[in-house]
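Notes follow the structure.
Number of protein chains: 2
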Amino acid sequence: MAKILKGTEVNAALGEKIKASVDTLKEQGIVPTLGIIRVGERPDDLSYEKGASKRCEKYGVAVKRYLLPADCTQEQLMHTIEEVNRDSSVHGVLMFRPLPKSLDEEAACGALDPEKDIDGITIGSLAGVFTSRKIGFPPCTAQACMEILDYYGVNCRGKKAVVIGRSLVVGKPAAMMLLDRNATVTVCHSKTVDIPAIAREADILIVAIGRPKAVGGSCFREGQTVIDVGINVGEDGKLCGDANFEDAERIVDAVTPVPGGVGSVTTTVLVQHVVEAAERQTQKH
Amino acid sequence: MAKILKGTEVNAALGEKIKASVDTLKEQGIVPTLGIIRVGERPDDLSYEKGASKRCEKYGVAVKRYLLPADCTQEQLMHTIEEVNRDSSVHGVLMFRPLPKSLDEEAACGALDPEKDIDGITIGSLAGVFTSRKIGFPPCTAQACMEILDYYGVNCRGKKAVVIGRSLVVGKPAAMMLLDRNATVTVCHSKTVDIPAIAREADILIVAIGRPKAVGGSCFREGQTVIDVGINVGEDGKLCGDANFEDAERIVDAVTPVPGGVGSVTTTVLVQHVVEAAERQTQKH
């Protein structure tokens, strides 16, 4: 039976560091603050917002909401982004995406102050991930995968890591972060021939394709660590990952659960990034 | 015997396109112009500058040189970069690196106008490569590898591509560009365990490690296409690549020679980028 890599344990460890940083900031009179820009009322966004707000509250991080109707204009959105950029009491910004199709998402991301970009959506943050420099912040989800590996002492050096998925939110940044940790990294995707054969070679397997239980027993072998990024509603109406958890639990060495794995750590990383953004801005100004 | 993927053929095809673009620009009264910023007199830089200038001349692209002594100050360098940024007659800039250690290279790269960055050194260009967006330009060497694959009709889709090397000049950008072409991409490096076993899996093998003939017969198998990015002086005093050419020629399907392979195409890509930068700036202003 595989070891279950629980998000709660990772969160407890991250939480200690966050609390210490928040205390130090508060001694300087600074309340680290997350700005949330939400256009419309998509249930996914509302659910994530609720979780993020609760996690912020837990660690003493304030939340300011900037809400726009689903039919807002590009001008209204850009005006809101400028307002958030200018407001020095807001240290980190979460802007829900995808934006409604009537809006220019690339222009919106481009307008955000890179210093406040805590989720890897600006040019600066993306270049930072690619070059391993401290510019902006990597996407929280990719960072959450690394936090789990680090917390559970999974040494990546010289190991074979396979990332299934090549999105800018998880696949590509996770690949760069694994390279940074000296893994030999392979990126698979929808055009890959024989994913199972490649996945079985992995010592560390990161699954981020967005289809329920798409990665099953044929992709696993003994000795692997599996990080499951997916959050889907399965046929039985229950939450499930992109990996078949029952198969993984039976075959591999260690696997993250869904729910309670990557997703739960992602929310904590978001708070951590807000606090780090506040620290950087305080040191700078 | 492997097919030899000669740079001259690729250059001839690229050259046709470049000439057509240059003609169109000249009809609008624009002479595409490369600005070269060189600090000191390193033999490598002088040799590359000579080749690049000759290639520019061949295609009707002008060259302006901005030369600074090896002991120049950061202020002098930044002033020169600002001058080049402001000069609207200069469309693309090549700044030789590494800069002398007394200078802040990151600050210098950061100061360059991304629109004129034809060799992938600014944040904008690097994010462009990572996200597959048309921001700035990718590094010429990585682009040259792709031009060779494209010219010789090597279809990357679903193929296994292995990149040996993870630099920002070749390895990482080439990996992103191969992903874009729908290859399944593995990046190896100095910490990789058993490079030969991984390299033999590759359908397309890009070698960029900077050591003469470091990749030999144990890394090759029938059916491969090998792109050799290295340019080294071998024990016999002759130029050689990072791959053992004799081994490759005997075993694989196709291989680039050194000299006359990637390096020669890189210079043409540089000219191509200057011309494309001129086109973009003309459309914009």
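Chains as they are written, first to last, in the numbering used here: chain A, 815 to 1099; chain B, 815 to 1099.
We put the beta carbon where it would ideally sit given N, CA and C, even for glycine.
All values reported here derive from a predicted model rather than from experimental measurement.
Item checked: Selected residue, minimal CA-CA separation from residue 1026 of chain A, among A:1033, A:940, A:1044 -> A:1044
Notebook entry, point to check: What does residue 993 of chain A touch in chain B if you count any residue whose Cβ is under 8 Å from its own?
Noted result: 980, 986, 1001, 1003
Margin query: If I follow the unbroken beta strand (DSSP E) through residue 882 of chain B, where does it start and stop?
Written below: 876-882
Next item on the list: Confirm, please, whether the CB-CB distance from residue 851 of chain B to residue 873 of chain B is below 7 Å.
Entry: no
Next item on the list: Assign residue 969 of chain B to buried or exposed, taking buried as 16 or more other Cβ atoms, counted over all protein chains shown, within 10 Å of its Cβ.
Entry: Burial call: exposed.
Next item on the list: Compute the Euclidean distance between the alpha carbons of residue 820 of chain A and residue 1036 of chain B, then round it to the nearest angstrom.
Entry: Each residue's alpha carbon lies about 45 Å from the other.
Notebook entry, point to check: If you drop the 5 nearest sequence neighbours on each side, which residues of the same chain put their C-beta closer than 7 Å to that of residue 818 of chain A?
Noted result: 1069, 1071
Notebook entry, point to check: Helix, strand or coil for residue 931 of chain B per DSSP?
Noted result: strand
Check: Hey, which unbroken runs of the alpha helix (DSSP H) at 4 residues or more fall wholly within the segment 968-1049 of chain A?
Finding: 985-994, 1009-1015
Check: Quick one, which residues of the segment 1029-1052 of chain A are near chain B if we go by CB-CB under 9 Å, in chain order?
Finding: none
Next item on the list: Answer yes or no: do residue 876 of chain B and residue 847 of chain B have a C-beta to C-beta separation smaller than 7 Å?
Entry: yes
Check: For residue 917 of chain A, which residues in chain B fall below 7 Å Cβ to Cβ?
Finding: Ordered by position in chain B, no residue passes the 7 Å Cβ test against residue 917 of chain A, which lies about 18 Å from the chain.
Check: Are residue 866 of chain B and residue 1084 of chain B close, meaning C-beta to C-beta below 7 Å?
Finding: Yes, they are a contact pair.
Check: Going along the chain, which residues of the segment 906-934 of chain A sit with their C-beta nearer than 7 Å to a C-beta in chain B?
Finding: none
Notebook entry, point to check: From residue 1029 of chain A to residue 1007 of chain A, what does the alpha carbon distance come to, in whole angstroms?
Noted result: 14 Å
Notebook entry, point to check: Between residue 915 of chain B and residue 823 of chain A, what straight-line distance do the alpha-carbon atoms span, to the nearest angstrom?
Noted result: 44 Å
Next item on the list: For the beta strand (DSSP E) containing residue 850 of chain B, list its first residue and its last residue.
Entry: 847-853 is the extent of the beta strand (DSSP E) around residue 850 of chain B.
Check: Taking Cβ-Cβ distances shorter than 8 Å, what residues in chain A pair up with residue 967 of chain B?
Finding: By Cβ distance, chain A contributes nothing, its closest Cβ being about 18 Å from residue 967 of chain B, past 8 Å.
Checklist line | Distance between residue 1042 of chain B and residue 1076 of chain B (C-alpha atoms, nearest Å) | finding: 7 Å
Note to self: Can you pull the chain B neighbours of residue 996 of chain A, defined as C-beta to C-beta under 7 Å?
What the structure shows: 1005
Next item on the list: Count the other CB atoms, across all protein chains shown, that sit within 10 Å of the CB of residue 929 of chain B; report buried if there are 16 or more and exposed otherwise.
Entry: buried
Checklist line | Min CB distance residue 950 of chain B to chain A below 7 Å | finding: no
Note to self: Based on DSSP bridge pairs, tell me the residues matched to residue 818 of chain A.
What the structure shows: A:1069
Next item on the list: Please compile the residues from chain A whose C-beta is within a distance smaller than 7 Å of the C-beta of residue 1014 of chain B.
Entry: Neighbours of residue 1014 of chain B on chain A: none; closest Cβ ~13 Å, over 7 Å.
Checklist line | Proximal chain B residues relative to residue 972 of chain A, where beta-carbon distance stays under 7 Å | finding: 1005, 1006, 1007
Notebook entry, point to check: In whole angstroms, what is the alpha-carbon distance linking residue 890 of chain B and residue 843 of chain B?
Noted result: Looking at the two C-alpha atoms, the distance is approximately 32 Å.
Next item on the list: Could you check the C-alpha separation between residue 986 of chain B and residue 944 of chain A for me, to the nearest Å?
Entry: 8 Å
Margin query: Using only CA atoms, which one of B:853, B:956, B:832 lies nearest to residue 845 of chain B?
Written below: B:832
Margin query: Tell me which residue opens and which closes the alpha helix (DSSP H) that residue 940 of chain B is part of.
Written below: 937-945
Next item on the list: Please go through the same chain and pick out, in chain order, the residues whose beta-carbon is closer than 7 Å to the beta-carbon of residue 1032 of chain B, but skip the five residues on each side of it.
Entry: So the qualifying residues of the chain are 1010.
Item checked: Helix, strand or coil at residue 913 of chain A according to DSSP, with G and I counted as helix -> Three-state DSSP puts residue 913 of chain A in coil, outside helix and strand.
Check: By a C-beta neighbour count over all protein chains shown, 10 Å radius and 16 as the cutoff for buried, is residue 1081 of chain A buried or exposed?
Finding: Residue 1081 of chain A is buried by the Cβ-count criterion.
Notebook entry, point to check: Cβ atoms of residue 996 of chain B and residue 971 of chain B: under 7 Å apart, would you say?
Noted result: yes
Next item on the list: Look up residue 907 of chain B in the DSSP assignment and say whether it is helix, strand or coil.
Entry: strand
Check: Between the Cα of residue 973 of chain A and the Cα atoms of B:1000, B:927, B:869, B:858, which residue gives the shortest distance?
Finding: Among B:1000, B:927, B:869, B:858, the Cα nearest to that of residue 973 of chain A is on B:1000.
Next item on the list: Would you check if there are 3 or more beta carbon pairs closer than 8 Å linking the segment 893-909 of chain B to the segment 899-917 of chain A?
Entry: Short answer: they don't touch.
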